[in-house]
Amino acid sequence: MVYIVEIDNVRYYACGVCGLLYELEDLALKCEDFCKNHPGMCSVELAKKSIGYIDLSSEHQKVFFKIDPLRKCARRVFTICKTSVNIYRAC
Numbered sequence: 173m174v175y176i177v178e179i180d181n182v183r184y185y186a187c188g189v190c191g192l193l194y195e196l197e198d199l200a201l202k203c204e205d206f207c208k209n210h211p212g213m214c215s216v217e218l219a220k221k222s223i224g225y226i227d228l229s230s231e232h233q234k235v236f237f238k239i240d241p242l243r244k245c246a247r248r249v250f251t252i253c254k255t256s257v258n259i260y261r262a263c
């Protein structure tokens, strides 16, 4: 199941295996399928379409966005304990 990341009432979707973050749930699902079928590898095509990644391995969950001046959705690093970021699994 993919993760849903909500920041300022905007939803993003992350692969539940590798944590790559996407604007579209469909891309996160494709990434998750690829990761499950190819352990330890990520699809280059899907990685190019990602807008960042989530790091759930540490005590403080973090969301990292790629900084891309051409895209309006680009943001800097958010730490869940300091901003209104919600991460949860899709049902």
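Sequential numbering from 173 applies to the sequence shown in the working numbering.
Backbone N, C-alpha and C fix where the C-beta goes; we use that ideal spot for every residue, glycine too.
From a predicted model like this one, the values you see are computed outputs, not experimental measurements.
Apart from sequence neighbours up to five positions away, the residues of its chain that approach Y225 with a beta-carbon distance below 6 Å are G191, L192, L193, F236, ordered along the chain. Beta-bridge partners assigned by DSSP to D227: K234.
Looking from the CA of D198, the closest CA among A186, V182, K220 belongs to A186.
About 16 Å separates the beta carbon of E204 from that of I223, a gap too long to meet the 8 Å contact definition. With contacts defined as CB atoms closer than 8 Å, V174 and L218 fail to qualify as a contacting pair.
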